[in-house]
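Participant:
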Amino acid sequence: MKFQHIQVRILVLFLGIVTSLSCVKAQTPGDAVGQSKRQQAMQLFEQGKRLEALPLLEELAQKNPKDEEVVVDLAASLVHHAATLTDQQAAGRERLRARDLLEKSGSRTPLAQNLLQLLREMPASGDIQFSENPAVEQAMRDGEAAFSQRDFDKAIQHYAAALKLEPKNYAAALFIANAYDKKDDFARAANLYESAIQLDPNIETAYRYYAHMLTKKGDMTKARTMLIRAAVAEPYNRMVWRDLRAWANINNTDIDFTYAGVYPVPEPAPRKDAQALDANLDLVHTLVFPDSGPKPKDVSDAWRAYHAVRAEWKQGGKFKEHFPGEAGYRHSLAEETEALTAAIRVLQRLRADIETAEQVSENQSLLLLLSLHQAGVLEPYVLFRLGDEGITKDYPAYRARHRDKLQEYMDKFVVPPAPANASKGAARSAVSPE
19 MKFQHIQVRI
29 LVLFLGIVTS
39 LSCVKAQTPG
49 DAVGQSKRQQ
59 AMQLFEQGKR
69 LEALPLLEEL
79 AQKNPKDEEV
89 VVDLAASLVH
99 HAATLTDQQA
109 AGRERLRARD
119 LLEKSGSRTP
129 LAQNLLQLLR
139 EMPASGDIQF
149 SENPAVEQAM
159 RDGEAAFSQR
169 DFDKAIQHYA
179 AALKLEPKNY
189 AAALFIANAY
199 DKKDDFARAA
209 NLYESAIQLD
219 PNIETAYRYY
229 AHMLTKKGDM
239 TKARTMLIRA
249 AVAEPYNRMV
259 WRDLRAWANI
269 NNTDIDFTYA
279 GVYPVPEPAP
289 RKDAQALDAN
299 LDLVHTLVFP
309 DSGPKPKDVS
319 DAWRAYHAVR
329 AEWKQGGKFK
339 EHFPGEAGYR
349 HSLAEETEAL
359 TAAIRVLQRL
369 RADIETAEQV
379 SENQSLLLLL
389 SLHQAGVLEP
399 YVLFRLGDEG
409 ITKDYPAYRA
419 RHRDKLQEYM
429 DKFVVPPAPA
439 NASKGAARSA
449 VSPE
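If you read the sequence shown in this note's numbering, its first letter stands for residue 19, the second for the next number, and so on.
Encoded structure:
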């Protein structure tokens, strides 16, 4: 159902936060009439009146194609205009034009980056299908057109008709919630956002739009919770992290992206034997210090233990033992967790020894690694911060079993709470009216 998710995000992009955070408005040189038109276009856009802003933005972009903000707003307005077209080929061309404008603009604003990410996921034609059921497809397109024209009551009728025909249609459920949100019927919208989440808790979109509504209301604490849940749903979607950063900016705080530990590759001991194994394989035989084993001397011993485990998985056959059904080796959650745990055991012994304790206690990165282990969220850390092509394949299965652990990691180690004295004022000043 990926086509639904793309269309959902494009049509009801997280505009309130991402638009405003990039806006202290740019002032471009020009005549008084041109500046007046620009101001009018920007106001219409921020009010959600994209179709009314469109002709002004077209004129302004033609006169000054280097006005980045105008070009980005024009692209977003073209996406809304595409939703009103009955000719789907023409609608596709509008979306493709929007994509080209964004690519040429070079804008790094959250709005531009989020929208460009989605437009790049479109089919080559630019057309997006809601459902294979023709009646549902038509109802959704009718609702889309009404929504883009800000006729939210009519949009709700069409989306509700689609949802009745196809009760598990995520896009229809979310669009209804978002339409009530735009009507400022927050109580009903909240219930409907929750309903959309229940249809598929592993899609991030409903969480984010619910967070946007909560931000408008000034409920930064619950908005934070929803954004954490969005990250757990789709941790490798950059849009989620852009919006988490936006939330953090509103609340004058920062998302914590600290890495735990630095993993230098230790030099293998020199070998005189001409038939020596590959140097990396030497690490398999490096001593992983058990509690009763030799006393570690410094932090490098911890990373020798780490790399020994990694080599055993990659070259010693351990991967095949754990994943017999997979054709070849890949980096896995199990391997990385075991390797870090081996390093942690050494770090714990270093910290417990008065002669070496300082090596660990004065290194915040190592202390973080120990804290993650103590809190029982080492695996979530690996999945969120070290998720390469191999590790990410283990995420869906882990999320199915340990969603609570993933949320706990985000809550305790990544997303700081909103300052109590910042929430209300920040919401009023940072979220654009729609």
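Beta carbons: idealized from backbone N, C-alpha and C, even for Gly.
Which value, in whole angstroms, describes the spacing of the CA atoms of E212 and A71?
Facilitator: On the sequence shown, residue 212 is found 194 positions in, with the first residue counted as 1. On the sequence shown, residue 71 is found 53 positions in, with the first residue counted as 1. Their backbone Cα atoms lie some 32 Å apart in a straight line.
Participant: Does DSSP put F275 in a helix, a strand or coil?
Facilitator: Counted from its first residue, the sequence shown places residue 275 at position 257. Residue state, collapsed to three classes: coil.
Participant: How long is the line joining the alpha carbons of L92 and A320, rounded to whole angstroms?
Facilitator: Translated into the one-based positions of the sequence shown, residue 92 becomes position 74. Translated into the one-based positions of the sequence shown, residue 320 becomes position 302. Taking the straight line joining both Cα atoms gives about 54 Å.
Participant: Do the CB positions of G161 and G110 come within less than 8 Å of each other?
Facilitator: Position 143 of the sequence shown holds residue 161. Position 92 of the sequence shown holds residue 110. Going by C-beta atoms, G161 is not nearer than 8 Å to G110.
Participant: Please give the ranges of any alpha helix (DSSP H) in the segment 371-395, keeping only runs that are unbroken, at least 4 residues long and fully inside the region.
Facilitator: If we require 4 residues or more, the alpha helix (DSSP H) runs fully inside the segment 371-395 come out as 375-379 and 382-393.
Participant: Secondary structure at L232, three-state DSSP: helix, strand or coil?
Facilitator: Your numbering for residue 232 matches position 214 in the sequence shown. In this structure, L232 counts as helix in the three-state DSSP scheme.
Participant: Between R263 and I273, is the Cβ-Cβ spacing less than 8 Å?
Facilitator: Here the question's residue 263 lines up with position 245 in the sequence shown. Here the question's residue 273 lines up with position 255 in the sequence shown. Contact flag set, yes.
Participant: Tell me whether R256 is buried or exposed, calling it buried when 16 or more other Cβ atoms sit within 10 Å of its Cβ.
Facilitator: As a first step, residue 256 is located in the sequence shown; it is residue number 238 there, counting from the start. It is exposed - the Cβ of R256 has fewer than 16 other Cβ atoms within 10 Å.
Participant: Sort E407, V400 and M231 by Cα distance to Y416 and report the nearest one.
Facilitator: On the sequence shown, position 398 is the one that residue 416 refers to. Taking only the C-alpha atoms, the option nearest Y416 is V400.
Participant: Residues in the same chain with beta-carbon distance under 7 Å from K332, minus the five sequence neighbours each way, listed in chain order, please.
Facilitator: As a position in the sequence shown, residue 332 is number 314, starting the count at 1. Closer than 7 Å at the Cβ level, and outside the excluded window around K332, lie Y347.
Participant: Sorry if obvious, but does the Cβ on L358 come closer than 7 Å to a heavy atom of the ligand MN?
Facilitator: Although the ligand MN was asked about, the structure shown includes no ligands whatsoever.
Participant: Taking the continuous alpha helix (DSSP H) assigned at S123, which residues delimit it?
Facilitator: Position 105 of the sequence shown holds residue 123. Note, S123: alpha helix (DSSP H), Q106 to S123.
Participant: Going by DSSP in three states, E184 sits in which element: helix, strand or coil?
Facilitator: Along the sequence shown, one-based indexing puts residue 184 at 166. In the structure shown, E184 sits in coil (DSSP, three-state: anything other than H, G, I, E or B).
Participant: Between G124 and D118, what straight-line distance do the alpha-carbon atoms span, to the nearest angstrom?
Facilitator: Taking the sequence shown and counting its residues from 1, one reaches residue 124 at position 106. Taking the sequence shown and counting its residues from 1, one reaches residue 118 at position 100. When rounded, the distance between both Cα atoms is 10 Å.
Participant: For A14, which three-state DSSP category applies?
Facilitator: The chain is shown from 19 up to 452; residue 14 falls before or after that span and cannot be answered.
Participant: Compute the distance between the beta-carbons of A153 and A101, then report whether it is under 8 Å.
Facilitator: The residue you call residue 153 lines up with position 135 of the sequence shown. The residue you call residue 101 lines up with position 83 of the sequence shown. No, these two residues do not count as a Cβ contact at 8 Å.
Participant: Excluding the 5 residues preceding and the 5 following H391 in the sequence, name in chain order all residues of the same chain whose CB lies nearer than 6 Å to its CB.
Facilitator: What you label residue 391 is simply residue 373 of the sequence shown in a count that begins at 1. Cβ neighbours of H391 beyond the five flanking positions: I362.
Participant: Thinking just about the alpha-carbon of each residue, which of E344, A326, Q80 and A208 is nearest to the one in T233?
Facilitator: Numbered from 1 along the sequence shown, position 215 holds the residue referred to as residue 233. Checked all of E344, A326, Q80 and A208; the closest Cα to T233 is A208.
Participant: Just curious, the alpha helix (DSSP H) that L216 is in, first and last residue?
Facilitator: Mapped onto the sequence shown, residue 216 falls at position 198. This sequence places Gln at residue 216; Leu is not what is there. Where Q216 is concerned, the enclosing alpha helix (DSSP H) stretches over F204 to L217.
Participant: I need the straight-line Cα distance from M231 to F204, nearest angstrom please.
Facilitator: Here residue 231 is taken as the residue at index 213 of the sequence shown, counted from 1. Here residue 204 is taken as the residue at index 186 of the sequence shown, counted from 1. Those two C-alpha atoms are separated by around 8 Å.
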